[in-house]
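Student: Please read through the structure below; I'll follow up with questions.
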């Protein structure tokens, strides 16, 4: 069963929505195939496909002018670019988590101790993140993993920038207390 991405279903009714719906129905297999070539992970493929739909929606006037083969090539190009950006972002996110954990490890510890502490801190950090209230977790993940600023997070979540700052501050404090309760 074909599931239309939420970004398309949430579009206002009209010609643009009908165009995007038809475009997705006709080319979703191509989009999934291209994304799969890059990430080989079902959830990531869905994310890439949805994000590609957002990019295509932003360029809908151009898409309407393209002929069939040019349209397919354009779709492949957008999905490929989105997949590459996704991979870069995932690598960047992993590096940020590693950096954050590296900064928390005592400098005088031996390499073996560092490794053990790092693994334990990572497990504790992930567990603490999972226990955060949804809004705090979302705000923190958008800030840390997506490198979004407070204004963009506020718009995405539908709250004020001050609230975003409070959520992130609370989330970091809860994680710190959970991972390092003795401090």
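Numbering (our numbering), first residue to last: 141 to 323.
Virtual Cβ for every residue (Gly too), placed ideally from N, Cα, C.
1) If contacts are defined as beta-carbon pairs under 8 Å, then residue 224 and residue 159 qualify, I think. What distance do you get, rounded to the angstrom?
2) Do you know whose CA, among 263, 163, 142, lies nearest residue 216's CA?
3) Classify residue 317: buried if its beta carbon has 16 or more other beta carbons within 10 angstroms, exposed otherwise.
4) Using only the alpha-carbon positions, how far apart do residue 309 and residue 239 sit?
5) Does residue 190 come out as helix, strand or coil in the three-state DSSP assignment?
6) Could you compute how far the alpha carbon of residue 168 sits from the alpha carbon of residue 212?
7) From the DSSP output, in three-state form, read off residue 300 for me.
8) For residue 164, does the three-state DSSP call read helix, strand or coil?
Tutor: Per the coordinate set shown:
1) No, residue 224 and residue 159 are not in contact; Cβ-Cβ is about 26 Å, not under 8 Å.
2) 163
3) exposed
4) 19 Å
5) helix
6) 11 Å
7) coil
8) helix
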